[in-house]
Amino acid sequence: MNNFFHHKARKRFGQNFLVDANIIERIVRAIAPKAAQRLVEIGPGQGALTELLLQHCPTLTAVELDRELIPMLEFKFRQYPQLNIIQQDALKFDFTHLAEKEQPLRIVGNLPYNISTPLLFHLLKFRGQIRDMHFMLQKELVDRLSAIPGSKSYGRLSVMAQYYCRVQGLFPVPPQSFHPAPKVESAIVRLEPYTILPYAAKDEKLLAQIVNVVFQQRRKTLRNALKPLYPELDPSHLPMAGERRPQTLSVQEFVQLADFCSTHVSAEPSAAVNDNNNTG
Ligand code: SAM
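Per our numbering, the sequence shown starts with residue 6, numbered consecutively.
In structure tokens:
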């Protein structure tokens, strides 16, 4: 690369650039991009993944926040006229217009760890236009996304991601595959939004609210964890035992619980509940 474009990694943009050719190849093999597909890369950085992705699929849109990297990317990939580099914050980006009816988006990225969770929730809004997503994330986050009920990592993120998507943790990536090396282990995850939800809740907002509230008090029993939302609830009417812990409920059971609350509980959920966007 021309010295003119020398770039110092910026911590505030979560810049840990991939430098391990074997890992880059393994990621692209897992994605298996094909020509004519609609590929979108979030945070191309210095183009480590972009380069190999373009060899398989020259139609690619890259969304990068750091404006200093744009001239470098444009120069490096000048022989790819179908590469569309957009300087924008992916958290605010409207992905709708990139998709075509016959070609749902395939989204990929070695994501900045500080924005991974809000970005996942942002992307889930466009799930109808997304075929799949492959991301490098902190391994701990991949464990949470793909966790099974009853496990230590199972929580709000597992339930909401698995409600909308088939989630698969693929493989770990060690810190030395990056420059600068992050302090934590990383891993690759695949999320495939369902075209038809296996268990559809009557009221998705209520489902999200219930999941959020009960996991804020994961050590309590379900009946007690629901109290902030439904102080008057008679636990003997719940569709599952009120003595269970929230982290033992499957996605299907959370949907049953939300459907029960939407039809059997007369009062609106208590407004006193802190429905913040926590990361659990
Ligand atoms: N893909 C490159 C690689 O694997 O070497 C870079 C990965 S680096 C972990 C994350 C990249 O995302 C950086 O290039 C950073 O500038 C970019 N980025 C950070 N915040 C972003 C945002 N909100 N929207 C789009 N890109 C962002």
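Glycine included, each C-beta is placed from N, C-alpha and C at the ideal position.
Identify the continuous beta strand (DSSP E) that holds E69 and give its terminal residues. L65 to E69
How would you label A277, buried or exposed, when you count the other beta carbons within 10 angstroms and need 16 or more for buried? Its pLDDT being 46, under 50, A277 is placed unreliably in this model, and the coordinates cannot settle the point.
Backbone secondary structure at M245 - three-state DSSP: coil
Cβ of P117 within 7 Å of any heavy atom in ligand 1? yes
What number of angstroms, rounded off, separates the C-alpha of F265 from the C-alpha of A104? When rounded, the distance between both Cα atoms is 36 Å.
Quick one: grab the DSSP three-state call for I215. helix
Return no unless some Cβ of chain B is closer than 8 Å to the Cβ of G133. No chain B appears in this structure, which consists of one protein chain only.
Name the one or two DSSP bridge partners that M138 has. Beta-bridge pairing links M138 to I112 and L196.
Less than 7 Å between the CB of E248 and some heavy atom of ligand 1, yes or no? no
When you compare the stretch 34–51 with the stretch 183–190, are there three or more beta-carbon pairs, one atom per stretch, that lie closer than 8 Å? The stretch 34–51, when compared against the stretch 183–190, does not touch it at the 8 Å Cβ threshold.
Consult DSSP for H12 and reduce its assignment to one of helix, strand or coil. coil
For G174, which three-state DSSP category applies? In the three-state reduction of the DSSP assignment, G174 falls in the strand class, which pools E and B.
Applying the 10 Å Cβ sphere with the 16-neighbour rule, what's the burial state of N217? buried
Should the stretch 198–213 be regarded as contacting the stretch 248–261, the criterion being three or more beta carbon pairs within less than 8 Å? yes
Can you name, in chain order, every residue of its own chain whose Cβ lies under 7 Å from the Cβ of C170, other than the five neighbours on each side? L196, E197, P198 and Y199
Quick test of your reading: P49 and T55, contact by CB under 8 Å. State the CB separation rounded to the nearest angstrom. Indeed they touch by this definition, with Cβ atoms about 5 Å apart.
Hey, could you find the ends of the alpha helix (DSSP H) V24 is sitting in? First-last for V24: undefined, no H or E at that position.
Within the same chain, show all residues whose beta-carbon is closer than 6 Å to that of Y168, passing over the 5 residues directly before and after it, in chain order. V256
Alpha carbon of L74 to alpha carbon of K13, nearest angstrom: 10 Å
Return the CA-CA distance between Q93 and F22, expressed in angstroms with no decimal places. 19 Å
Burial state of A151, where buried means 16 or more other Cβ atoms lie within 10 Å: It should be noted that the sequence gives Ser, not Ala, for residue 151. Buried, because 16 or more other Cβ atoms sit within 10 Å of the Cβ of S151.
What residues in its chain sit with their C-beta under 8 Å from that of M245, if we drop five residues either side in the sequence? Excluding sequence neighbours, M245 sits near L227, L254, E258, Q261 and L262.
Taking the beta strand (DSSP E) that E46 belongs to, which residues open and close that run? DSSP places E46 in the uninterrupted beta strand (DSSP E) bounded by R43 to I47.
Would you say the beta carbon of D99 is closer than 7 Å to some non-hydrogen atom of ligand 1? no
Is the number of C-beta pairs between the stretch 94–113 and the stretch 132–146 that are closer than 8 Å three or more? yes
Hey, how far is the Cα of R17 from the Cα of P233? 37 Å
Are the beta-carbon atoms of G160 and Q222 separated by less than 8 Å? no
Measuring only the C-alpha atoms, how far is P236 from R15? The C-alpha of R15 is placed about 48 Å away from the C-alpha of P236.
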